[in-house]
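Asker: If you want the working numbering, it's the position in the sequence shown, counting the first as 1, plus 4.
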Amino acid sequence: AKLVAVDHPVILKDMDQVIPYPVAKSIILQDPLPSLAVMECPCRVQNKTGCQPRDVCLVVGEPYASFIVDHRPDKARRITVAEALDIIAAEEERGHIHTAWFKDVMHNRFYCICNCCTCCCLGMQSYLRGVPRLTHSGYSPRFAYDDCINCSICVSTCPFHAITLPDGLPVLDEDLCMGCGLCCSHCPNDAVELVLSPH
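1) CB-CB under 6 Å to C55, same chain, minus the five flanking residues each way: which ones, in chain order?
2) Measuring only the C-alpha atoms, how far is L180 from D20?
3) For the alpha helix (DSSP H) that L126 lies in, which residues bound it at each end?
4) According to DSSP, what are the bridge partners of D20?
5) CB-CB under 7 Å to L37, same chain, minus the five flanking residues each way: which ones, in chain order?
6) Might you give, ordered along the chain, the residues of its own chain that have their beta carbon closer than 6 Å to the beta carbon of D151, omitting 5 neighbours on each side?
7) Going by the beta-carbon positions, is the gap between S2 and E96 smaller than 8 Å?
8) Run through the DSSP bridge pairs and tell me what M43 is partnered with.
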């Protein structure tokens, strides 16, 4: 997937922002490398038949990583950059979206990358029912129709039901799309790229 950098800060208030996989990866690989921890996903834990694995929520930077490991050693552990990259790559492959968390109680600083599925994630379920819990990534997919093989994987992969295939070619509903990039990473023919959103 191709990405165009957003050259201005994103200001959020107590919201979760959808981030494409390359952005999640760049956060983990920032210079200097951040302290990292992984904790059990509260949404998956509360769901008895929830997705596995459960330890997929990444805590990024200090003092957050130390705080969660010190206070919940039964639910969290420190991890390396390589382990964090493996986690987000595996979640991307499973078709789960990445979200960056900014909360008032954390002084509106970024502190966590969650990996969210529609079946367990309470935030995703709320959003899909009309509660504005997520903010757009700032990117949108663009389809290369000459390369499209009409496989419909982009339709089945999209967690926001933003893509249809009415005449054999993908059509995007920009009002539903949140710019997660799963349609790009799962396209078998590299017929989708992410570009800056017109929103």
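Beta carbons: idealized from backbone N, C-alpha and C, even for Gly.
Model, not experiment: these values are computed from the prediction.
Answerer: Straight from the coordinates:
1) Around C55: R48, C121, C124.
2) The straight-line gap separating the alpha-carbon atoms of L180 and D20 is approximately 16 Å.
3) Its alpha helix (DSSP H) spans residues 126-132.
4) Looking at the DSSP assignment, D20 forms a beta bridge with W105, L138.
5) Closer than 7 Å at the Cβ level, and outside the excluded window around L37, lie V85.
6) Setting aside the 5 residues that flank it on each side, D151 is surrounded in the same chain by N193, A195, each with a C-beta closer than 6 Å to its C-beta; the list follows chain order.
7) The first residue shown for the chain is 5 and the last is 203, placing residue 2 beyond what the model contains.
8) According to DSSP, which records beta bridges pairwise, M43 is partnered with C61, A80.
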